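Undergrad:
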Amino acid sequence: RAKAEGRNGFRFFSAEMNQALRERRALEQDLREAMATGQLHLHYQPQVNLSTGRVIGLEALLRWDHPVRGRVMPDRFIPLAEEIGLLSRIGEWVLREACAVATRWPGLRMAVNISAHQFQAADFLRAVRTALEETGLPPARLEIEITEGVLLTDTERTLATLEALHALGVSVAMDDFGTGYSSLGYLHKFRFDKIKIDRSFVATLTDDPQAVAIVRAMIGITHALGLRCNAEGVENAVQAALLRAEGCTEAQGYLYGRAVPETELAALIESAGGPQAEAVAPPAAGE
Ligand code: C2E
Ligand code: MG
Ligand code: MG
Ligand code: MG
339 RAKAEGRNGF
349 RFFSAEMNQA
359 LRERRALEQD
369 LREAMATGQL
379 HLHYQPQVNL
389 STGRVIGLEA
399 LLRWDHPVRG
409 RVMPDRFIPL
419 AEEIGLLSRI
429 GEWVLREACA
439 VATRWPGLRM
449 AVNISAHQFQ
459 AADFLRAVRT
469 ALEETGLPPA
479 RLEIEITEGV
489 LLTDTERTLA
499 TLEALHALGV
509 SVAMDDFGTG
519 YSSLGYLHKF
529 RFDKIKIDRS
539 FVATLTDDPQ
549 AVAIVRAMIG
559 ITHALGLRCN
569 AEGVENAVQA
579 ALLRAEGCTE
589 AQGYLYGRAV
599 PETELAALIE
609 SAGGPQAEAV
619 APPAAGE
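For the sequence shown, full-length UniProt numbering begins at 339 and goes up steadily by one.
(1) Suppose you measure from the CA of residue 403 to the CA of residue 524; what does that come to, to the nearest Å?
(2) Are there 16 or more other CB atoms within 10 angstroms of the CB of residue 439, so buried, or fewer, so exposed?
(3) Under the DSSP definition of a beta bridge, which residues are partnered with residue 527?
(4) Pull up the DSSP beta-bridge partners for residue 448, would you.
(5) State yes or no: is the C-beta of residue 514 nearer than 6 Å to some heavy atom of ligand 3?
(6) Look at the Cβ atom of residue 437, then the Cβ atom of residue 473, and state whether they are nearer than 7 Å.
(7) Going by C-alpha distance, which of 564, 514, 499, 390 is nearest residue 508?
(8) Report yes if the CB atom of residue 513 is closer than 7 Å to the CB atom of residue 527, and no otherwise.
(9) Take residue 412 and list the residues in its own chain whose beta-carbon comes closer than 6 Å to its own, dropping the five residues that flank it on each side.
(10) Would you decide whether residue 609 is buried or exposed? Buried here means 16 or more other CB atoms lie within 10 Å of its CB.
(11) Output needed for residue 477: all residues of its chain with C-beta closer than 6 Å, excluding positions within five of it in sequence on either side, in chain order.
(12) Check the DSSP bridge columns for residue 494 and list the partner residues they point to.
(13) Quick one: what's got a C-beta closer than 6 Å to residue 580's C-beta in the same chain, skipping five residues either side?
(14) Residue range of the beta strand (DSSP E) that residue 385 falls in?
(15) Which class does residue 281 belong to by DSSP, given the choice of helix, strand or coil?
(16) DSSP three-state label for residue 598, please.
(17) Whole angstroms is fine: what's the gap from residue 443's alpha carbon to residue 599's?
(18) Are there three or more Cβ pairs, one per stretch, closer than 8 Å when the region 351-363 is compared with the region 381-391?
(19) Between the C-alpha atoms of residue 578 and residue 589, what's the straight-line distance to the nearest angstrom?
(20) Give me the residue from 616, 614, 480, 530 with the minimum Cα distance to residue 488.
(21) Measure the Cβ-Cβ separation of residue 571 and residue 392 and say whether it is below 7 Å.
(22) Between the C-alpha atoms of residue 432 and residue 373, what's the straight-line distance to the nearest angstrom?
(23) Straight-line CA distance for residue 605 to residue 594?
(24) Around the C-beta of residue 494, are 16 or more other C-beta atoms found within 10 angstroms, so that it is buried, or is it exposed?
(25) Mind checking residue 536: buried by the 16 CB within 10 Å criterion, or exposed?
(26) Which class does residue 613 belong to by DSSP, given the choice of helix, strand or coil?
(27) Report the rounded CA-to-CA distance for residue 479 versus residue 358, giving the unit in angstroms.
(28) What's the C-alpha gap between residue 369 and residue 463?
(29) Can you tell me whether residue 570 sits near ligand 3, meaning its C-beta is under 6 Å from at least one heavy atom of the ligand?
(30) Enumerate in chain order the residues of its own chain whose CB-to-CB distance from residue 522 is below 8 Å, with the five nearest sequence positions on each side excluded.
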């Protein structure tokens with residue numbers, strides 16, 4: 339009896355596995371075609387100055403508009419693209435496209451997400467240089483967003499890449515701060531220009547005094563280290579007011595606007611009171 343159940347269990351499991359595998363293969367095949375057929379698009383979410391609410395930058399966020407599946411979000415297809423070796427080509431396109439769009443929005447910084455694997459790849463720096471050269475975007479207006487995962491492997495290489503980016507005049511933000519490899523040691527070891535407080539902390543701000551304490555401490559660290567601080571996922575005015583009171587200077591979230599195609603940016607930026615060109619300068623020499 340136990341044996342029969344085992345067999346049934348196995349058959350059931352294996353049918354599900356086959357289904358999942360087929361589905362994955364189909365998605366892979368579609369993704370290979372997506373770039374060539376123009377199904378990948380960038381949307382742009384405004385980053386605002388928390389005290390004025392005006393737009394100081396944009397974050398490029400990838401969207402895949404599949405003719406049958408509809409819109410596929412990056413959390414679903416980026417890991418897949420990475421596994422099948424497509425992400426470096428997609429990433430090069432993202433960099434160039436985001437830089438090209440940024441040239442049409444003077445004074446605004448453009449943030450581009452780079453996965454751990456992309457960041458460690460041999461051709462990453464060349465892709466950054468090429469995108470800047472081909473579009474003519476001043477390097478100080480490009481910001482690379484990486485997550486804590488980047489810091490887990492090959493420390494020497496990571497340090498060298500961060501140095502090279504800074505030497506180019508490109509800034510680097512630590513994304514999803516507080517969710518990954520949560521050692522504060524790396525803030526000392528690696529140089530960032532900005533920290534983005536993960537939206538999971540912002541989400542619980544209004545009803546959890548502990549969350550307020552943690553966010554206060556995070557903002558304190560950014561001040562102590564002289565870094566810019568951005569709070570992600572700000573959805574309501576109460577969260578914004580709390581963050582402002584704690585000294586956070588930048589924010590991003592549905593309260594200010596979702597990621598939209600470039601064609602909708604002008605209206606979104608105007609409704610926030612227009613752009614606010616802040617001093618976008620490369621880090622001081624010798625720092
Ligand atoms: P992320 O870089 O942390 O981006 C923030 C995510 O939070 C975005 O999701 C954004 O749409 C969403 N978001 C923004 N404001 C709010 C809010 O107020 N509330 C809530 N609930 N969510 C908000 P999205 O676009 O689905 O992107 C997910 C992740 O995919 C990104 O997280 C980033 O890690 C990755 N990603 C997106 N585009 C690219 C890309 O071009 N290259 C790479 N390597 N990764 C990308
Ligand atoms: Mg990001
Ligand atoms: Mg994030
Ligand atoms: Mg994220």
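C-beta: ideal position from N, C-alpha, C; glycine also.
Please read these numbers as outputs of a predicted model, since none were measured by experiment.
TA: The answer reads as follows:
(1) Along the sequence shown, one-based indexing puts residue 403 at 65. Along the sequence shown, one-based indexing puts residue 524 at 186. Approximately 37 Å, taken between the alpha carbons.
(2) Taking the sequence shown and counting its residues from 1, the one referred to as residue 439 is at position 101. Result: buried.
(3) The residue labelled residue 527 in the question sits at position 189 within the sequence shown. When beta bridges are read from the DSSP output, residue 527 appears opposite no residue.
(4) Position 110 of the sequence shown, counting from 1, holds the residue named residue 448. In the DSSP output, where bridge partners are listed per residue, residue 448 has 396, 480.
(5) Position 176 of the sequence shown, counted from the start, is the residue given in the question as residue 514. Because some heavy atom of ligand 3 lies under 6 Å away, the Cβ of residue 514 counts as near it: yes.
(6) Position 99 of the sequence shown, counted from the first residue, corresponds to residue 437. Position 135 of the sequence shown, counted from the first residue, corresponds to residue 473. Closer than 7 Å, so yes.
(7) Sequence index remark: in the sequence shown, residue 508 carries index 170 (1-based). It is 499.
(8) For the purposes of this step, residue 513 is taken as residue 175 along the sequence shown, with counting starting at 1. For the purposes of this step, residue 527 is taken as residue 189 along the sequence shown, with counting starting at 1. No. Outside cutoff.
(9) Taking the sequence shown and counting its residues from 1, one reaches residue 412 at position 74. Only residues of its own chain outside the window of five on either side were considered, and among them 400 have a CB closer than 6 Å to the CB of residue 412, listed in chain order.
(10) Here residue 609 is taken as the residue at index 271 of the sequence shown, counted from 1. Residue 609 is classed as exposed because its beta carbon has fewer than 16 other beta carbons within 10 Å across all chains shown.
(11) For the purposes of this step, residue 477 is taken as residue 139 along the sequence shown, with counting starting at 1. Closer than 6 Å at the Cβ level, and outside the excluded window around residue 477, lie 470, 506, 507, 508.
(12) Looking up residue 494 in the sequence shown gives position 156. Beta-bridge pairing links residue 494 to no other residue.
(13) Walking along the sequence shown from the start, residue 580 turns up at place 242. Around residue 580: 543.
(14) Within the sequence shown, residue 385 is the residue found at index 47, counting from 1. Boundaries of the beta strand (DSSP E) around residue 385: 378-387.
(15) Since the first residue shown for the chain is 339 and the last is 625, residue 281 is missing from the structure and cannot be characterised.
(16) If you number the sequence shown from 1, residue 598 lands on position 260. Assigned with DSSP and collapsed to three states, residue 598 falls in strand.
(17) Residue mapping note: residue 443 aligns to position 105 of the sequence shown, counting from 1. Residue mapping note: residue 599 aligns to position 261 of the sequence shown, counting from 1. Taking the straight line joining both Cα atoms gives about 14 Å.
(18) In the pairwise beta carbon analysis, the region 351-363 is classified as not touching the region 381-391: fewer than three pairs are separated by under 8 Å.
(19) As a working mapping, residue 578 is identified with position 240 in the sequence shown. As a working mapping, residue 589 is identified with position 251 in the sequence shown. Cα to Cα, residue 578 sits roughly 8 Å from residue 589.
(20) The residue labelled residue 488 in the question sits at position 150 within the sequence shown. When each option's Cα is compared against that of residue 488, the closest is 530.
(21) Counted from its first residue, the sequence shown places residue 571 at position 233. Counted from its first residue, the sequence shown places residue 392 at position 54. Result no, Cβ atoms of residue 571 and residue 392 do not sit closer than 7 Å.
(22) Your numbering for residue 432 matches position 94 in the sequence shown. Your numbering for residue 373 matches position 35 in the sequence shown. If you take the alpha carbons of residue 432 and residue 373, they lie about 11 Å apart.
(23) Mapped onto the sequence shown, residue 605 falls at position 267. Mapped onto the sequence shown, residue 594 falls at position 256. Straight across, the Cα-Cα distance linking residue 605 with residue 594 is about 12 Å.
(24) Counting from 1 along the sequence shown, the entry for residue 494 is found at position 156. Within a 10 Å sphere around the beta-carbon of residue 494 sit fewer than 16 other beta-carbons, which makes this residue exposed.
(25) The sequence position of residue 536 within the sequence shown is 198, counting from 1. Using a 10 angstroms sphere on the CB of residue 536, the tally of other CB atoms reaches 16 or more, which defines it as buried.
(26) For the purposes of this step, residue 613 is taken as the residue at position 275 of the sequence shown. Under the three-state reduction of DSSP output, residue 613 falls in the strand class.
(27) By one-based count along the sequence shown, residue 479 stands at place 141. By one-based count along the sequence shown, residue 358 stands at place 20. When rounded, the separation of the alpha-carbon atoms in residue 479 and residue 358 is 42 Å.
(28) Residue numbering aside, residue 369 sits at position 31 when the sequence shown is read from its first letter. Residue numbering aside, residue 463 sits at position 125 when the sequence shown is read from its first letter. Near 25 Å, if we compare the C-alpha coordinates of residue 463 and residue 369.
(29) Within the sequence shown, residue 570 is the residue found at index 232, counting from 1. Answer for residue 570: yes, Cβ within range of ligand 3.
(30) As a first step, residue 522 must be located in the sequence shown, where it is residue number 184. Taking residue 522 as the centre and dropping the five residues before and after it, the same chain places the C-beta of 559 closer than 8 Å to its C-beta, in chain order.
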